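In order, the protein sequence lines correspond to chains A and B. For reference, each letter of the first sequence is one residue, going 1 to 80 in the working numbering. For reference, each letter of the second sequence is one residue, going 81 to 160 in the working numbering. C-beta: ideal position from N, C-alpha, C; glycine also. Just so we're clear, the structure is a prediction, and the values are computed from it rather than from any experiment. See below for the structure under consideration.
2 protein chains.
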Amino acid sequence: MRATIFVRLKRDVLDPEGDAIAEALARTGASGIESVRVGKVFEIEVAGRTRQGVVRELEKMAQELLANPVTEDFEIRIDD
Amino acid sequence: MRATIFVRLKRDVLDPEGDAIAEALARTGASGIESVRVGKVFEIEVAGRTRQGVVRELEKMAQELLANPVTEDFEIRIDD
Chain A
1 MRATIFVRLK RDVLDPEGDA IAEALARTGA SGIESVRVGK VFEIEVAGRT
51 RQGVVRELEK MAQELLANPV TEDFEIRIDD
Chain B
81 MRATIFVRLK RDVLDPEGDA IAEALARTGA SGIESVRVGK VFEIEVAGRT
131 RQGVVRELEK MAQELLANPV TEDFEIRIDD
């Protein structure tokens, strides 16, 4: 089973990396960029189990290892 | 308009960060993890223009600034 975990900064957390990218894009001639937020995406292959079991396991992984619960939110998507 | 650019390592490029995460997950008791690949996601707010124009602009940004064309692929999604 293939799953994707998205980890993003919470909405009220400043994103200096995103701001730097927005400025760099403006300097290289891109127009109309209002904001850039940077996150991570983990594409995970998990050996066959039930969809529900996989989601539960991935939630545990995201909470304990992949996301910082103070500053980040995560989202899990099962691709197939 | 809100857009998302996904940047991922090409399939044949090794991902030591993903391998380290897969090992850490196994050590913390996760079972059945076959592989982990790590990518980046850029969430971009672009001031109103046509969808086609935005996609063209984002392709240019991704090629020139956000992705390394030697090792990475990118994918653009317009969210609204």
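Close Cβ partners of residue i (< 8 Å) along its chain, the five nearest in sequence each way excluded
i	result
Val134 of chain B	Met81, Ala83, Val126 and Ile158
Arg117 of chain B	Arg88, Leu89, Asp95 and Gly98
Ile113 of chain B	Ala102, Leu105 and Ala106
From the options, residue whose alpha carbon lies closest to that of residue i
i	options	result
Leu58 of chain A	B:Glu137, B:Glu144, B:Gly128 and B:Thr108	B:Thr108
Arg131 of chain B	B:Ala100, B:Ile156 and B:Asp92	B:Ile156
Phe122 of chain B	A:Ala30, A:Gly32, A:Ser31 and A:Ala22	A:Ala22
Ser35 of chain A	B:Ala100, B:Lys120, B:Ala104 and B:Ile124	B:Ile124
Leu25 of chain A	B:Asp92, B:Lys120 and B:Glu144	B:Glu144
Lys60 of chain A	B:Lys120, B:Ser111 and B:Glu152	B:Ser111
Contacts of residue i in chain B (Cβ-Cβ under 7 Å)
i	result
Lys10 of chain A	Under the 7 Å cutoff, chain B gives no residues; its nearest Cβ is about 13 Å from Lys10 of chain A.
Val55 of chain A	By Cβ distance, chain B contributes nothing, its closest Cβ being about 13 Å from Val55 of chain A, past 7 Å.
Ala37 of chain A	Rather than Ala, the amino acid found at residue 37 of chain A in this sequence is Arg. The contacting residues are Glu123.
Cα-Cα separation between residue i and residue j, rounded to whole angstroms
i	j	result
Gly128 of chain B	Val150 of chain B	32 Å
Ala142 of chain B	Val87 of chain B	8 Å
Arg11 of chain A	Asn148 of chain B	27 Å
Val13 of chain A	Glu72 of chain A	8 Å
Asp160 of chain B	Arg56 of chain A	30 Å
Ala20 of chain A	Ala100 of chain B	28 Å
Proximal residues of chain A, C-beta to C-beta of residue i below 8 Å
i	result
Val126 of chain B	Gly32, Ile33 and Glu34
Ala43 of chain B	Residue numbering for chain B in the displayed model covers 81 to 160; residue 43 of chain B lies beyond these limits and cannot be assessed.
Chain B contact residues for residue i, given Cβ-Cβ distances below 9 Å
i	result
Arg49 of chain A	Ser111 and Gly112
Thr28 of chain A	Lys140, Met141, Glu144 and Leu145
Leu120 of chain A	Chain A is shown from 1 up to 80; residue 120 of chain A falls before or after that span and cannot be answered.
Listed by chain order, chain B residues near residue i by CB distance under 8 Å
i	result
Ile21 of chain A	Phe122, Leu145 and Leu146
Same chain only: Cβ atoms within 7 Å of residue i, ignoring 5 sequence neighbours per side
i	result
Leu146 of chain B	Ile85, Val87, Phe122 and Phe154
Lys120 of chain B	Val87
- In the stretch 94-157 of chain B, which residue ranges form an unbroken alpha helix (DSSP H) of at least 4 residues, counting only runs that do not cross its ends? 96-107 and 131-141
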